[in-house]
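When the sequence shown is numbered by our numbering, its final residue is 574 and no position is left out of the sequence of numbers.
Just so it is clear, CB atoms sit at the ideal spot from N, CA and C, and this is done for glycine as well.
The structure displayed is predicted, hence computed values, not measured ones.
Worksheet: one structure, shown below.
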Amino acid sequence: MTKFKNLSKSWYKLGVFLFFLCIPFLVPSSASANPGDNLDVYFMYVGQGDGALLESNGKYMLIDCGPRSHESETLAFLKEIGVEELEYAIVTHGHHDHAGGFMGILPEIPVKKLFLPNQAPPESAKYSFNFYKEFRNMLAEQNIEPVRPQPGEVIYFGTTKITFLAPRRDNYDSYNNSSIVVKIENGDNSFLFTGDAEIESEKEMLSSYGSKLKSDVLKVGHHSSWTSTSPKFLEAVDPSFSVISCGIDNTAGFPRKRTLKYLKATNVYRTDLLGTIHFHSDGTTITVDKKASQKASVDATTGELKNIYNTKVTSNIPEISLMKSSEKAEDYLYLTEPVTLNFSAEFGVTRRTTIKYKLVAEGKSYKTGKWVNRSQVTIPDNFKGAVYVRYANTTGDVLIRKTNEFVVDTKAVNSVTIISEPQVSFYSVDETIPDTTITAQKQLNIGIYADFGASGLSSIEYQLVESGQEFNPLSKWQYSNECNINGPFDGYVYARFTDKAGNSAIYRSQHIIVEGAEIIEDMNNEGITQ
Numbered sequence: 045m046t047k048f049k050n051l052s053k054s055w056y057k058l059g060v061f062l063f064f065l066c067i068p069f070l071v072p073s074s075a076s077a078n079p080g081d082n083l084d085v086y087f088m089y090v091g092q093g094d095g096a097l098l099e100s101n102g103k104y105m106l107i108d109c110g111p112r113s114h115e116s117e118t119l120a121f122l123k124e125i126g127v128e129e130l131e132y133a134i135v136t137h138g139h140h141d142h143a144g145g146f147m148g149i150l151p152e153i154p155v156k157k158l159f160l161p162n163q164a165p166p167e168s169a170k171y172s173f174n175f176y177k178e179f180r181n182m183l184a185e186q187n188i189e190p191v192r193p194q195p196g197e198v199i200y201f202g203t204t205k206i207t208f209l210a211p212r213r214d215n216y217d218s219y220n221n222s223s224i225v226v227k228i229e230n231g232d233n234s235f236l237f238t239g240d241a242e243i244e245s246e247k248e249m250l251s252s253y254g255s256k257l258k259s260d261v262l263k264v265g266h267h268s269s270w271t272s273t274s275p276k277f278l279e280a281v282d283p284s285f286s287v288i289s290c291g292i293d294n295t296a297g298f299p300r301k302r303t304l305k306y307l308k309a310t311n312v313y314r315t316d317l318l319g320t321i322h323f324h325s326d327g328t329t330i331t332v333d334k335k336a337s338q339k340a341s342v343d344a345t346t347g348e349l350k351n352i353y354n355t356k357v358t359s360n361i362p363e364i365s366l367m368k369s370s371e372k373a374e375d376y377l378y379l380t381e382p383v384t385l386n387f388s389a390e391f392g393v394t395r396r397t398t399i400k401y402k403l404v405a406e407g408k409s410y411k412t413g414k415w416v417n418r419s420q421v422t423i424p425d426n427f428k429g430a431v432y433v434r435y436a437n438t439t440g441d442v443l444i445r446k447t448n449e450f451v452v453d454t455k456a457v458n459s460v461t462i463i464s465e466p467q468v469s470f471y472s473v474d475e476t477i478p479d480t481t482i483t484a485q486k487q488l489n490i491g492i493y494a495d496f497g498a499s500g501l502s503s504i505e506y507q508l509v510e511s512g513q514e515f516n517p518l519s520k521w522q523y524s525n526e527c528n529i530n531g532p533f534d535g536y537v538y539a540r541f542t543d544k545a546g547n548s549a550i551y552r553s554q555h556i557i558v559e560g561a562e563i564i565e566d567m568n569n570e571g572i573t574q
């Protein structure tokens with residue numbers, strides 16, 4: 045009997061163990077978003093209206109479906125993509141240009157769950173009210189019971205998280221404010237769909253969510269109407285990309301110029317110009333299959349873009365920095381050692397495609413010459429100018445920055461030229477100097493010149509050192525490039541060359557003998573210096 049009791053206890057323990065082992069498999073796989081999974085968002089061209097298809101982990105959903113007049117094209121697109129069933133349909137509100145397409149879509153493609161706000165169009169708006177009744181009748185015929193989402197409610201679509209933000213109530217004076225607004229999050233990427241929500245709804249969302257409205261992609265409210273996309277709301281959302289859904293040559297005059305101006309910091313994509321626009325999110329970055337209709341403007345303060353920012357140059361010279369391509373440093377930075385520059389940036393929700401550089405010499409334009417496709421450059425000796433940097437990302441954004449102006453000059457002089465009669469030779473004191481003598485009668489005038497390279501001349505000085513005396517670099521130098529010797533003199537001329545970078549070099553003449561009268565050094569002694 046005891047054996048059976050022990051056996052029962054063993055089976056019980058095994059059963060409990062297996063039960064808890066299986067719990068993870070009993071929880072729906074959509075219970076949390078996986079940042080590594082893919083989300084595809086198609087902002088469909090539906091004429092003058094809104095419609096977007098989303099696909100995540102093999103599941104599909106629609107957020108609006110455009111007007112009925114475009115339903116055949118929309119249905120063909122869905123079938124081309126391979127949509128056989130909709131996990132969700134979100135009808136932001138009951139206006140024909142958002143819900144009309146569902147009239148022909150839902151009888152063909154079943155939907156598991158459909159969201160619709162409670163508020164109906166007012167009876168005074170006869171066209172909208174009559175369409176809404178027809179739409180609700182179609183839902184009843186298809187046995188679809190619409191669900192009114194609650195603000196803050198969260199659902200999961202594939203591996204994507206969807207949060208309902210609006211409407212906050214059911215009794216707006218303007219029916220557009222009853223629009224469902226959702227934030228869709230795939231890993232670190234996010235999309236905000238606003239339907240036709242107007243400023244009143246935007247204010248409510250700002251009050252309730254504040255900075256949580258931040259999203260990478262904004263579906264611009266009400267096709268860009270001035271009733272929506274208020275500056276404060278746009279500041280909170282702070283999108284990198286904005287999508288305006290409107291029809292070609294629409295009679296409403298969308299998009300509005302004022303709204304386009306508000307959106308200048310973002311890349312704007314318009315369905316009337318681009319047709320259907322495909323955004324792809326891998327949970328970290330977002331790519332778009334079309335070029336932006338309106339490119340993001342460079343920020344006037346930072347000189348950077350929404351998705352190319354925190355541009356940096358690093359090197360062993362911390363004084364080298366980046367600035368706007370139109371700016372110029374007040375003074376040149378003089379460097380006496382080689383420098384290697386490394387360029388980097390952050391690319392937001394996009395990816396880097398290239399970082400290129402171009403060495404632009406003083407007085408030249410960066411608009412000529414070729415870019416070098418590297419993010420590192422070692423500046424050659426005798427360079428004077430600036431380095432321009434070209435950053436590009438996967439959505440076609442290009443940002444050009446430049447360094448402050450600088451000079452790389454590692455030695456005082458490239459060459460020394462002496463003009464005299466007879467000709468006197470000078471040699472660097474760092475070299476082996478030949479033991480030669482030159483003799484002049486009574487007077488010897490020596491002109492001392494040099495090529496100072498990129499940094500340019502700072503000063504030329506000389507000393508006369510008679511034979512038997514020791515040269516002392518700390519002794520007084522004469523600031524002049526003209527050394528006039530009236531004999532008698534027996535000795536050497538030392539010349540010191542200093543450039544603007546601070547490099548200094550000393551040269552010495554061959555042995556000089558000048559026969560004649562006493563020495564006169566530098567007739568006016570004004571010297572040469574810059």
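Distance, residue j Cα to residue i Cα
i    : j    : result
L262 : R314 : 12 Å
S251 : F208 : 15 Å
A494 : F470 : 11 Å
I529 : Y432 : 51 Å
K334 : L318 : 7 Å
I321 : K339 : 15 Å
I556 : D425 : 35 Å
D534 : T481 : 10 Å
V342 : E129 : 43 Å
G608 : Y353 : Outside the displayed span of the chain (45 to 574) sits residue 608, for which this structure offers no information.
Q554 : K455 : 23 Å
E606 : E178 : It is not possible to answer for residue 606, since the shown part of the chain is limited to 45 through 574.
S168 : H140 : 16 Å
V135 : L236 : 15 Å
I288 : V312 : 7 Å
G138 : S325 : 29 Å
S172 : D240 : 14 Å
T461 : I492 : 6 Å
A539 : D453 : 20 Å
I550 : T329 : 59 Å
S359 : V383 : 7 Å
T303 : L403 : 39 Å
G560 : G413 : 60 Å
Test item: CB-CB of residue i and residue j under 8 Å
i    : j    : result
S365 : N448 : yes
Q487 : G531 : yes
L508 : V537 : yes
V442 : S499 : no
G91  : G291 : yes
S245 : V281 : no
K408 : G429 : yes
K156 : E131 : yes
I606 : I228 : Not covered by the structure: residue 606. The range shown for the chain is 45 to 574.
R395 : N437 : yes
I504 : S464 : no
L385 : V421 : yes
L150 : M182 : yes
For residue i: DSSP bridge partner residues
i    : result
F391 : Answer by DSSP bridge pairing: none, since F391 is not bridged.
E229 : K205, S234
T461 : Y493
K368 : R445
R434 : K400, I444
A336 : Answer is none; A336 lacks a bridge partner.
Heavy atom of the ligand PLP within 7 Å of residue i beta-carbon
i    : result
N187 : The ligand PLP is absent from the structure shown, which contains no ligand whatsoever.
For residue i, the first and last residue of its enclosing alpha helix (DSSP H)
i    : result
A280 : 275-281
E178 : 170-185
T118 : 115-125
Y216 : No alpha helix (DSSP H) contains Y216, which DSSP labels as neither H nor E.
L379 : L379 -> not in any alpha helix (DSSP H); beta strand (DSSP E) instead, spanning 377-379.
D343 : Neither: D343 is in no alpha helix (DSSP H) and is coded neither H nor E.
Residue span of the beta strand (DSSP E) that contains residue i, given as start and end
i    : result
R540 : 533-543
F298 : Premise fails: F298 is in no beta strand (DSSP E) and is neither H nor E.
I149 : I149 -> not in any beta strand (DSSP E); alpha helix (DSSP H) instead, spanning 146-149.
Y253 : Y253 -> not in any beta strand (DSSP E); alpha helix (DSSP H) instead, spanning 243-253.
L160 : Segment: none, L160 is in no beta strand (DSSP E) and carries neither H nor E.
A549 : 548-553
A15  : As shown, the chain starts at 45 and ends at 574. That puts residue 15 outside it, with no answer to give.
L317 : Element bounds for L317: not the beta strand (DSSP E) but the alpha helix (DSSP H), 315-318.
L528 : In the sequence on display, residue 528 carries Asn and not Leu. Unbroken beta strand (DSSP E) run through N528: 526-530.
K263 : 261-263
K356 : 353-358
K423 : Just to set this straight, residue 423 is Ile in the shown sequence, not Lys. Its beta strand (DSSP E) spans residues 420-423.
Beta-carbon separation (whole angstroms), residue i vs residue j, contact threshold 8 Å
i    : j    : result
T380 : G546 : 6 Å
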